[in-house]
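Peer 1:
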Amino acid sequence: MHWMVRSAGSFPLYVDSGKGAHFSSIDGHSYIDFCLGDTGAMAGHAPEACVQAVAARAAAGVTFMLPTADAAWVGQELARRFGLPYWQFALTATDANRFVIRLARHLTGRQKLLVFNYCYHGSVDETFITLQPDGRATPRAGNIGPPVHPAVTTKVVEFNDVAALEAALSEGDVAAVLAEPVMTNIGIIHPLPGFHDQLREITRRTGTLLIIDETHTITAGPGGCTQLEGLQPDMLVIGKPIAGGVPAAAYGFSAAVAQQLQGRIQDDESDTGGIGGTLAGNALSLAAMRATLEHVLTHDAFRHMIALGERFEEGISAVIHEHNLPWIVKRLGCRVEYWFRPTAPTNGAQAAAAIDADLDRFMHLAALNRGILMTPFHNMALMCPATSAADVDAHTRVFRECVELLLGLLEPGEAGSSVAARSKL
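Numbered by the working numbering, the letters in the sequence shown go through residues -12 to 412 in order.
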């Protein structure tokens, strides 16, 4: 993965093995994992139910380009959790987003997508767009080889800006709004009260489909924010954690959208429409999805994980308040993140303005040298079913030590004994 060139400490760790909320490197060091593959391993490393299901399925055949009974079970479970009755499968949430965008254009006859500034939807071309201070839409910094200027395909407004949303959709050329229910990859940005109701009302009034991407926000609970907040998307995308780390994703449709799709795709052309893939919905991915949803990411597991998320948040908040730091901590279920600004941002531009790359690197490397892995490039932590209160409390101790080093209240030689053991990292 190209982003590893930015690893704190100039090189990535090489992993030997992992179990639950812990992993070890090939250098013989052990770590508490709060990154969890940036949500991909939110079920924990090597959960037993997934290990057994994957082994059994591998022994019976991995992929056939045909469905197994697990596909029906998983579809029914996703319908129960998210409220959408029809489901298709992909290998990544990026692919699932690409597919639903194509379908939205096909159904509406409109060409444009609308996203929120500093959104995250994987590596979908149409989403690498940002707003400049003067209101111009431009390619996001670092956007490699965009096929066209993203303003050709996409409109972008700030999250929580109802007036801008209304104006952008009123022109009648947007096929769909693609949105996380809570923004996650630029810190955790919650919707203002009533925002989702207004988003849904405006999209319906303007004939615009609403796509909710729950790939990160599944941390809110078993059915993500859609179940928790009673959202009513036309389409929904979910990926990353739902197969215990095995590549898998799914995209769902409301009954109304499914009915509109009936007869709109010619059977003789169904393999040339740019939807799906040879390995999408393969037997191994579906076996892993079923095991994860049935036995690992359960309602009881989420209760445990969210309680630990609250404990993690409280520990960080206590240190921030004790030292009167101009930082905040935000939480979405079992996902927690601290951000270097004194007040909670309400949109992506506000959050981006507070990014401090040097401070990020210090906090990450200092934590890593003390046996804690956080999510790269932003200070986010995830809980998994195997995470313990002791793991959370260990982070609180390390966070306090890192802050006191930063403030000059603690000399490096006075730091915890773990520093010397890891000083060569």
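The beta-carbon is built from N, C-alpha and C at its ideal position, and this holds for glycine as well.
Computed from a predicted model, the values in this text were never measured in an experiment.
(1) What is the DSSP secondary structure of Ile131, reduced to helix, strand or coil?
(2) By DSSP, does Met432 sit in helix, in strand, or in coil?
(3) Put Gly211 into one of helix, strand or coil per three-state DSSP.
(4) Within 10 angstroms of its Cβ, does Gly122 collect 16 or more other Cβ (buried), or is it exposed?
(5) Any contact of the stretch 297 to 312 with the stretch 84 to 98, i.e. 3+ C-beta pairs under 8 Å?
(6) Going by the beta-carbon positions, is the gap between Ala338 and Tyr105 smaller than 8 Å?
(7) Determine the DSSP secondary structure at Arg187, reduced to helix, strand or coil.
(8) Do Ala207 and Gly27 have their C-beta atoms within less than 8 Å of each other?
(9) Just mark Ile252 as buried or exposed, buried being the case when its beta carbon has 16 or more other beta carbons within 10 Å.
(10) Quick one: residues in its chain with C-beta nearer than 8 Å to the C-beta of Ala288, no 5 flanking neighbours on either side, listed in chain order?
(11) In the DSSP output, which residue or residues are listed as bridge partners for Pro126?
(12) Would the beta-carbon of Gly335 fall within 8 Å of that of Glu145?
(13) Please name the residue, chosen from Gly109, Gln98, Ile131 and Leu280, that lies closest to Val139 on a Cα-to-Cα basis.
(14) Quick one: is the Cβ of Ala288 within less than 7 Å of any heavy atom of the ligand FMN?
(15) Can you give me the start and stop residues for the beta strand (DSSP E) that Gly335 sits inside?
(16) Just curious, the beta strand (DSSP E) that Trp326 is in, first and last residue?
(17) Using a Cβ-Cβ distance cut-off of 8 Å, determine whether His310 contacts chain C.
(18) Quick one: give me the first and last residue of the beta strand (DSSP E) that Phe103 is part of.
(19) Would you call the CB atoms of Leu355 and Ala8 closer than 8 Å?
(20) Pop quiz: Phe21 and Leu360 are said to be a contact at Cβ under 8 Å. What is the actual Cβ separation, rounded to whole angstroms?
(21) Closest to Ile176 by CA distance: which of Ala275, Thr279, Leu215 and Glu324 is it?
(22) Ala242 and Met276: beta carbons closer than 8 Å?
(23) Could you tell me which whole alpha helix (DSSP H) segments of length 4 or greater appear in the stretch 239 to 275?
(24) If I'm right that Tyr1 touches Gly239 with Cβ under 8 Å, what's the distance once you round it to whole angstroms?
(25) Considering only their Cβ atoms, is the gap separating Arg290 from Val379 smaller than 8 Å?
(26) If I measure Cβ to Cβ from Leu196 and keep anything under 6 Å in the same chain, skipping five residues before and after, which residues do I get?
(27) For His382, does the count of other Cβ atoms within 10 angstroms reach 16, so buried, or fall short, so exposed?
(28) Short check: CB of Thr79 to CB of Gly109, under 8 Å?
(29) By how many angstroms is the C-alpha of Ala128 removed from the C-alpha of Trp(-10)?
(30) Can you list, in chain order, the residues of its chain whose CB lies under 8 Å from that of Pro133, leaving out five sequence neighbours each side?
(31) Just mark Gly261 as buried or exposed, buried being the case when its beta carbon has 16 or more other beta carbons within 10 Å.
(32) Distance, Cα to Cα, Leu352 vs Trp60?
(33) Out of curiosity, what's the CA-to-CA distance linking Arg187 and Cys212?
(34) Which value, in whole angstroms, describes the spacing of the CA atoms of Ser4 and Gln39?
(35) Going by other Cβ atoms of all chains shown within 10 Å of its Cβ, with 16 needed for buried, is Asn311 buried or exposed?
(36) Would you give the residue range spanned by the alpha helix (DSSP H) that Leu346 belongs to?
Peer 2: Reading it off the structure:
(1) Ile131 sits in coil when the DSSP states are folded into three classes, being neither helix nor strand.
(2) With the chain covering only -12 through 412, there is no way to say anything about residue 432.
(3) Helix.
(4) With a threshold of 16 other beta carbon atoms within 10 Å, Gly122 falls short and is exposed.
(5) No contact exists between the stretch 297 to 312 and the stretch 84 to 98.
(6) Yes, the Cβ-Cβ distance between Ala338 and Tyr105 is below 8 Å.
(7) Taken through DSSP and simplified to helix, strand or coil, Arg187 comes out as helix.
(8) The answer is no: Cβ separation not under 8 Å.
(9) By the 10 Å Cβ count, Ile252 comes out exposed.
(10) Only Pro372 meet the Cβ criterion.
(11) Paired residue(s): Ile116.
(12) Going by C-beta atoms, Gly335 is nearer than 8 Å to Glu145.
(13) Nearest of Gly109, Gln98, Ile131 and Leu280 to Val139, Cα basis: Gln98.
(14) Although the ligand FMN was asked about, the structure shown includes no ligands whatsoever.
(15) Premise fails: Gly335 lies in the alpha helix (DSSP H), Gly335 to Ala340, not in any beta strand (DSSP E).
(16) Where Trp326 is concerned, the enclosing beta strand (DSSP E) stretches over Arg322 to Trp326.
(17) In the structure shown, chain C does not exist; there is a single protein chain.
(18) For Phe103, the enclosing beta strand (DSSP E) starts and ends at Lys99 to Phe103.
(19) Contact check for Leu355 against Ala8 fails: the beta carbons are separated by 8 Å or more.
(20) With 8 Å as the limit, Phe21 and Leu360 qualify as a contact, their Cβ atoms being about 6 Å apart.
(21) Looking at the Cα atoms, Glu324 is the closest of the given residues.
(22) For Ala242 and Met276, no; Cβs fall outside 8 Å.
(23) Whole alpha helix (DSSP H) segments, 4+ residues: 242 to 248.
(24) Tyr1 to Gly239, Cβ: 37 Å. No contact.
(25) No, the pair does not count as a contact, with Cβ atoms beyond the cut-off.
(26) Cβ within range, chain order: Ala91, Ala163 and Asp221.
(27) The residue is buried, with at least 16 neighbouring Cβ atoms inside 10 Å.
(28) Yes.
(29) Going from the Cα of Trp(-10) to the Cα of Ala128 covers about 14 Å.
(30) Within the same chain, and ignoring the five residues on either side of Pro133 in sequence, the residues whose Cβ sits closer than 8 Å to its Cβ are Asp112, Phe115 and Pro126.
(31) Counting C-beta atoms within 10 angstroms of its own C-beta, Gly261 has fewer than 16 neighbours from the protein chains shown and is therefore classed as exposed.
(32) The alpha-carbon atoms of Leu352 and Trp60 are separated by roughly 43 Å.
(33) Rounded to the nearest whole angstrom, the CA to CA distance from Arg187 to Cys212 is 14 Å.
(34) Straight-line measurement puts the Cα of Gln39 at about 17 Å from the Cα of Ser4.
(35) The residue in question, Asn311, is exposed, as its Cβ has fewer than 16 Cβ neighbours within 10 Å.
(36) Here the alpha helix (DSSP H) through Leu346 covers Ala344 to Leu355.
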